[in-house]
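In our numbering, the protein residues as written are 251 to 507.
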């Protein structure tokens, strides 16, 4: 099944996801995942329902929602993925999930708009869509510009732009959080020294964190255009005859005086 899925999947997409997974397995990727895991666990702990769907290139098991009955991972044909599918062809019915998590899915995507539409369609009305992305207005975003590895291929879409897309898809942004304030330094010693700064900056929740988390709620069933009602022909409109008024006629009441 896996070999067959590899044969049918878009090779450019599979290569992109594989490179991203390799980067997240490295020291910088692990640092980023560790910090955003805290954010996800705090938010997912307050959701409940039947299904949570997770999509992203990371190899490690993602944080789960303890009050959601079933947590499912879907995506590229790689180890750990339970349901193999293309980024714009999820095998889910409309409104199937209570919660959908895109963890760096938009960062490493051939078509971010298409992926976001697919994820939005899977969320039930009143359900939630959580998006984790690399903040371009951070030291991590700067490193992305000068990187030569998989990080260079990340799109790093700003949270404000993603928020605009969500609004067009009928979602209301409930929360925006940031994390991973430590700069992308590979040295473990320096990362340990900056752990205090991570806690302090995380408490301030400034917009300079390396990653952002958007929590949005689906407010409408969909944005499909309504078909105009068919109007039956009513026939030709004929002009009504107008009564002629003789302005020279004398008022009979005035003749009596």
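For every residue, glycine included, the Cβ atom is placed at its ideal position computed from N, Cα and C.
Whose C-beta lies closer than 8 Å to the C-beta of residue i among residues of the same chain, with five residues either side of it excluded?
i           : result
residue 280 : 274
residue 491 : Only weak support is given to the placement of residue 491: the predicted model assigns it a pLDDT of 48, under 50, and the value that follows is read from those uncertain coordinates. Here the set comprises nothing.
residue 291 : 313
residue 331 : 323, 324 and 325
residue 456 : 428 and 431
residue 329 : 309
residue 438 : 277
Measure the CB-CB distance between residue i and residue j and report whether it falls below 9 Å.
i           : j           : result
residue 394 : residue 348 : no
residue 464 : residue 386 : no
residue 337 : residue 365 : yes
residue 353 : residue 382 : yes
residue 458 : residue 397 : no
residue 323 : residue 311 : yes
residue 309 : residue 380 : no
residue 461 : residue 289 : yes
Name the residue from the options whose alpha carbon lies nearest to the alpha carbon of residue i.
i           : options               : result
residue 362 : 317, 305, 314 and 397 : 305
residue 402 : 277, 368 and 384      : 384
residue 339 : 332, 325, 330 and 329 : 325
residue 413 : 329, 291 and 424      : 424
Suppose the cutoff is 6 Å on Cβ atoms and the five residues either side in sequence are ignored; what does the same chain contact list for residue i look like?
i           : result
residue 285 : 429 and 430
residue 321 : 302 and 314
residue 360 : 263
residue 400 : 269, 270 and 273
residue 351 : 304 and 380
residue 477 : With a pLDDT of 47 at residue 477, under the threshold of 50, the modelled position of this residue cannot be trusted, and the question is left open.
residue 406 : 384, 386, 391 and 394
Under a Cβ-count criterion, where at least 16 other Cβ atoms within 10 Å of its own Cβ denotes burial, should residue i be classed as buried or exposed?
i           : result
residue 469 : exposed
residue 319 : exposed
residue 355 : buried
residue 341 : exposed
residue 357 : buried
residue 418 : exposed
residue 368 : buried
residue 293 : buried
residue 411 : exposed
Using a Cβ-Cβ cut-off of 7 Å (strictly less than) and excluding sequence neighbours within five positions of residue i, which residues of its own chain qualify?
i           : result
residue 316 : 295
residue 298 : 317 and 318
residue 426 : 409, 462 and 464
residue 283 : 274, 308 and 310
residue 422 : 466, 467 and 469
residue 346 : 301 and 372
residue 287 : 313
residue 404 : 357, 358, 384 and 394
Would you verify that the beta carbon of residue i is, or is not, closer than 9 Å to some beta carbon of chain C?
i           : result
residue 425 : Chain labels in this structure do not include chain C; a single protein chain is all it has.
Quick test of the definition: if touching needs 3 or more C-beta pairs under 8 Å, does the stretch 367 to 378 touch the stretch 261 to 272? no
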